[in-house]
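Scroll down for the structure; my scribbles are underneath it.
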Amino acid sequence: NAGVTQTPKFQVLKTGQSMTLQCAQDMNHNSMYWYRQDPGMGLRLIYYSASEGTTDKGEVPNGYNVSRLNKREFSLRLESAAPSQTSVYFCASSGNRVANTEAFFGQGTRLTVV
Amino acid sequence: GESVGLHLPTLSVQEGDNSIINCAYSNSASDYFIWYKQESGKGPQFIIDIRSNMDKRQGQRVTVLLNKTVKHLSLQIAATQPGDSAVYFCAERALSQGGSEKLVFGKGTKLTVNP
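Below you can see the structure in the form of structure tokens.
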């Protein structure tokens, strides 16, 4: 049971570089999320996707773009990385409202921008 | 706007004591609440959930209480063990302005269990 898989686990970028964080889930969930977590802080929602083909901004979307490639995959892109984007990024997925299922999280991607 | 917050950022208890972690939420339309546990270096893990049509739900050593009148959620851990040391987050499922659902997290409470 893979659940939610994120790649890469670690990444160091130089300021201005771009990269895409990948996320895939095998639970046939409709909703997928990207969060960032800074030291000693909670999770802040960057973007989410309630279903295939739709995406919505969360609390802190600036500097990021997302793609819901299909039902399984939801990627997060940093077009021009900045030191302020140094954080741990978590992808999550959840079922639909009727099922009332909790969100399952990946193990996180630790990103450092220098 | 909507927000989920915690009253206490840190909590230290003795092994064997009961722990109570509190959470306030502001979106009265939220219909589903979840408690997560996050250990160092790991992603959050589900502990227990509760729907808005309930006021109490029990699991193994954990109980969640929901008071919709004051928009308050609590997590009670019975006979706290060292393995319970972690950061605990509450989360609410809220509807966005466009009608889609999103999961909003509180800041977290760090629980330390002293042997």
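In order, the protein sequences belong to chains A and B.
One point on numbering: in my numbering, the residue at position 37 of the first sequence is 37, and numbering is uninterrupted.
One gets my numbering by counting positions in the second sequence from 1 and adding 1000 to each.
Backbone N, C-alpha and C define an ideal beta-carbon position, used for all residues, glycine too.
No experiment lies behind these values; they were computed from the predicted model shown.
CA-to-CA distance, residue j to residue i, given in whole angstroms
{"i": "V66(A)", "j": "R44(A)", "result": "15 Å"}
{"i": "W1035(B)", "j": "S1012(B)", "result": "18 Å"}
{"i": "V1087(B)", "j": "T1069(B)", "result": "26 Å"}
{"i": "K1110(B)", "j": "M19(A)", "result": "32 Å"}
{"i": "F1089(B)", "j": "Q25(A)", "result": "22 Å"}
{"i": "V52(A)", "j": "T109(A)", "result": "For the record, residue 52(A) in the displayed sequence is Glu; it is not Val. Approximately 23 Å between the Cα atoms of the pair."}
{"i": "L111(A)", "j": "P83(A)", "result": "10 Å"}
{"i": "K1107(B)", "j": "V4(A)", "result": "23 Å"}
{"i": "S1028(B)", "j": "Q11(A)", "result": "39 Å"}
{"i": "G42(A)", "j": "E1101(B)", "result": "19 Å"}
{"i": "V1104(B)", "j": "V60(A)", "result": "12 Å"}
{"i": "N62(A)", "j": "E79(A)", "result": "11 Å"}
{"i": "E1002(B)", "j": "A1091(B)", "result": "Low confidence applies to E1002(B): its pLDDT is 37, below 50, so where it sits in the model is not reliable, and the reading given next is rough at best. Straight-line Cα distance between these residues: approximately 12 Å."}
Proximal chain A residues relative to residue i, where beta-carbon distance stays under 8 Å
{"i": "I1034(B)", "result": "E102 and A103"}
Residues bridged to residue i [DSSP beta-bridge criterion]
{"i": "H1072(B)", "result": "A1024(B) and N1067(B)"}
{"i": "I1034(B)", "result": "D1049(B) and A1091(B)"}
{"i": "E73(A)", "result": "A24(A)"}
{"i": "D56(A)", "result": "Y48(A)"}
{"i": "A1086(B)", "result": "L1111(B)"}
{"i": "R36(A)", "result": "R44(A) and Y89(A)"}
{"i": "K993(B)", "result": "A question about residue 993(B) goes unanswered here, because the residues of chain B that appear run from 1001 up to 1115."}
Within chain B, the residues that residue i reaches when beta carbons sit closer than 7 Å
{"i": "A50(A)", "result": "S1100 and E1101"}
Residue i: contacting residues in chain A (beta-carbon distance under 9 Å)
{"i": "P1115(B)", "result": "Those do not exist, as P1115(B) stays about 24 Å from chain A at its closest Cβ, beyond 9 Å."}
Closer than 8 Å at the beta carbon, the chain B residues around residue i
{"i": "Y33(A)", "result": "K1102 and L1103"}
Under 7 Å from the C-beta of residue i: neighbouring residues of chain A
{"i": "G1106(B)", "result": "G42"}
{"i": "G1043(B)", "result": "F90, F105, G106, Q107 and G108"}
Could you check whether the segment 30 to 46 of chain A touches the segment 1016 to 1023 of chain B, counting it as contact only if at least three pairs of C-beta atoms, one from each stretch, sit closer than 8 Å?
no
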